[in-house]
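Taking it in order: structure first as structure tokens, then the write-up.
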Amino acid sequence: MTITLDDVSSLLHLPILGQFPTYVPLEYNGVATILTELLGVEEARGKAEMRQCRGVHVRLSWLRDIYAECCAQEAWECAARAYLLHVVGCIIFADKSATSVSVSYLLLFNNLRMCGGYAWGAAALTHVYEQLKDASYFNTKQLGSYVTLVQAWIYEHFSGMGRRDINPSYDEAHPRAARYIVAHQICAVGDVRVQLDGLTHDDVIWTPYEDHRLSRSFETIYLFSGHLRLGNLLQRHMPERVLRQFGYEQSIPPSPMSTESPDAHVIDQRWLQFDHYLVTGLTAASSPSACVPEYMS
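The sequence shown begins at 3 in the working numbering and counts up one residue at a time.
Put into structure tokens, the structure is as follows:
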């Protein structure tokens, strides 16, 4: 199992269709100029903030101050960029610092008319995959990324995991993640490991969004098999490995090592022509956890 484009769309209602958000990592010497051009701050103030952060980052608290100042000055485009950079820094592309955001993301909002057309859901999933890769190491103690997505995915697929209540006022017109009211409670790692080790197929909700399809219909792009991209960051989306999450019988997938790693231009072209790169030849599952006889061995 894994988090898929279907999960991102259903849980968050972020757009899946569109171009991948594109930016280039900024060098330290040019960042102050970018801050001046796109946020309207004085160059000396931008350099001072980067010295405070020891790199090409700015603090989220600093961004909130810039936003308030831009609103007071009616500098609405700068205010919008400060707000959006704050959103991606503390939610969509959050890192383990929890206090700062890379200025490189500011380039995504250079043209405010274009940024609404990006595939933000695919970009968010790319970032989550990258952070989960790092979190899989035994000595990692924190998880970056869009943690609400990870948490809500667990709640949807594993009904016995975690402590939460259902929001009684929730309706299916809203993102599915809004269903949950989460208490600030600590789970012991040892207890969670016992739960994970004891999971069976019957404990899994393989297709949890059936009641949500009227609000967020199933799109064929969710079966896209190929690379997702966020700037220079590349990750594979492989629905062929988790077909039971789409209501299909799980077949034996090809090795993930057998796929090429094309350049960014090819990745973008395949994404925009996604209907040529869908998983096909699928068989409807006779039971929620159905797989071909050879799959388990």
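Glycine included, every Cβ here is placed at the ideal spot set by N, Cα and C.
Since the structure is predicted, the reported quantities are computational estimates derived from the model, not experimental observations.
#1: Alpha carbons only, please: which of Leu127, His203, Arg166 is nearest the one belonging to alanine 185?
#2: Output the distance between the C-alpha atoms of leucine 37 and alanine 46, rounded to the nearest integer angstrom.
#3: Pick out whichever of Val130, Ala292, Ala34 has its Cα sitting closest to the Cα of valine 105.
#4: Could you give the first and the last residue of the continuous beta strand (DSSP E) run that contains valine 60?
#5: Counting Cβ pairs closer than 8 Å, one from the region 54-66 and one from the region 84-103, do we hit at least three?
#6: Is the region 186-206 touching the region 233-240 in the sense that three or more CB pairs, one from each, lie closer than 8 Å?
#7: Please determine, among Met163, Asp277, Val281, Ser253, the residue with the shortest C-alpha to C-alpha distance to serine 326.
#8: Please state whether DSSP places aspartate 97 in a helix, a strand or coil.
#9: For the region 12-25 and the region 277-285, state whether three or more C-beta atom pairs, one from each stretch, are separated by less than 8 Å.
#10: For valine 152 and leucine 41, I'd like the C-alpha separation in whole angstroms.
#11: Any C-beta of chain D sitting closer than 7 Å to the C-beta of glutamate 221?
#12: Alpha carbon to alpha carbon, how far is lysine 49 from tyrosine 131? Give it in angstroms, no decimals.
#13: By how many angstroms is the C-alpha of leucine 127 removed from the C-alpha of serine 227?
#14: Write down the C-beta distance between tyrosine 69 and methionine 52 rounded to the nearest angstrom, noting that I regard them as a contact closer than 8 Å.
#15: According to DSSP, which residues form a beta bridge with histidine 239?
#16: Quick check on DSSP: helix, strand or coil for phenylalanine 111?
#17: Please report the straight-line C-alpha distance between aspartate 1 and histidine 214, rounded to a whole angstrom.
#18: Extract the residue ranges of the alpha helix (DSSP H) inside the region 118-197, only unbroken runs of 4 or more that lie entirely within it.
#19: Would you mind sorting proline 27 into buried or exposed? The rule is 16 or more other CB atoms within 10 Å of its CB.
#20: Count the other C-beta atoms from every protein chain shown that fall within 10 angstroms of the C-beta of tryptophan 122, then say buried if there are 16 or more, exposed otherwise.
#21: Is it buried or exposed, arginine 56, if we count other Cβ atoms within 10 angstroms and call 16 or more buried?
#22: Would you grab the beta carbon distance between tyrosine 182 and tyrosine 157 for me? Rounded to a whole angstrom, and I think it's under 8 Å.
#23: Using CA coordinates, which residue listed in Tyr107, Met163, Thr150 is at the minimum distance from valine 309?
#24: My output table needs one value for tyrosine 211: the three-state DSSP class, helix, strand or coil.
#25: Pull the bridge partners of valine 206 from the DSSP assignment, please.
#26: Using the C-alpha atoms, what's the distance from alanine 292 back to proline 17?
#27: Do alanine 266 and serine 217 have their CB atoms nearer than 7 Å?
#28: Please give the ranges of any beta strand (DSSP E) in the region 231-286, keeping only runs that are unbroken, at least 3 residues long and fully inside the region.
#29: Spatial neighbours of aspartate 136 within its chain, please: CB distance less than 7 Å, with the 5 preceding and 5 following residues excluded, ordered by chain position.
#30: How would you write the range of the beta strand (DSSP E) that serine 104 sits in, first residue to last?
#31: Would you decide whether alanine 96 is buried or exposed? Buried here means 16 or more other CB atoms lie within 10 Å of its CB.
#32: For the alpha helix (DSSP H) holding histidine 88, just list the boundary residues, first then last.
Working from what's here:
#1: Closest by C-alpha distance to alanine 185, out of Leu127, His203, Arg166, is Arg166.
#2: When only Cα atoms are considered, leucine 37 and alanine 46 end up about 10 Å apart.
#3: Answer by Cα proximity: Ala34.
#4: Segment 59-61, the beta strand (DSSP E) holding valine 60.
#5: Note that the region 54-66 touches the region 84-103; at least 3 beta-carbon pairs, one per stretch, sit closer than 8 Å.
#6: They do not touch, by the three-pair rule.
#7: Outside the shown range of the chain, which is 3 to 299, sits residue 326, and nothing can be said about it.
#8: Note: aspartate 97 maps to coil in three-state DSSP.
#9: Under the three-pair Cβ rule at 8 Å, the region 12-25 does not count as touching the region 277-285.
#10: Cα-Cα distance, rounded: 32 Å.
#11: Checking the listed chains, one finds no chain D in this structure; it contains a single protein chain.
#12: Approximately 32 Å between the Cα atoms of the pair.
#13: Pairing serine 227 with leucine 127, the inter-Cα distance amounts to about 14 Å.
#14: At roughly 18 Å, the Cβ-Cβ gap does not stay under 8 Å, so tyrosine 69 and methionine 52 are not in contact.
#15: Paired residue(s): Gly228.
#16: Residue state, collapsed to three classes: helix.
#17: Residue numbering for the chain in the displayed model covers 3 to 299; residue 1 lies beyond these limits and cannot be assessed.
#18: Complete alpha helix (DSSP H) runs here, min 4: 122-137, 149-159.
#19: Proline 27 comes out exposed.
#20: Classification of tryptophan 122: buried, given that the 10 Å Cβ count is 16 or more.
#21: Sixteen is the threshold: since fewer than 16 other Cβ atoms of the shown chains lie within 10 Å of the Cβ of arginine 56, the residue is exposed.
#22: Between the beta-carbon of tyrosine 182 and that of tyrosine 157 there is about 6 Å, and that keeps the pair under the 8 Å contact cut.
#23: Because residue 309 is not part of the residues shown, which for the chain are 3 to 299, the question remains open.
#24: Residue state, collapsed to three classes: coil.
#25: DSSP lists Phe160 as partners of valine 206.
#26: Their Cα atoms are separated by approximately 30 Å.
#27: For alanine 266 and serine 217, no; Cβs fall outside 7 Å.
#28: Runs found: 235-239.
#29: Annotation for aspartate 136: Thr142 place their beta carbon closer than 7 Å to its own, counting only its chain and skipping 5 residues before and after.
#30: Counting along the chain, serine 104 sits inside the beta strand (DSSP E) bounded by residues 102-104.
#31: It counts as buried.
#32: 78-89 is the extent of the alpha helix (DSSP H) around histidine 88.
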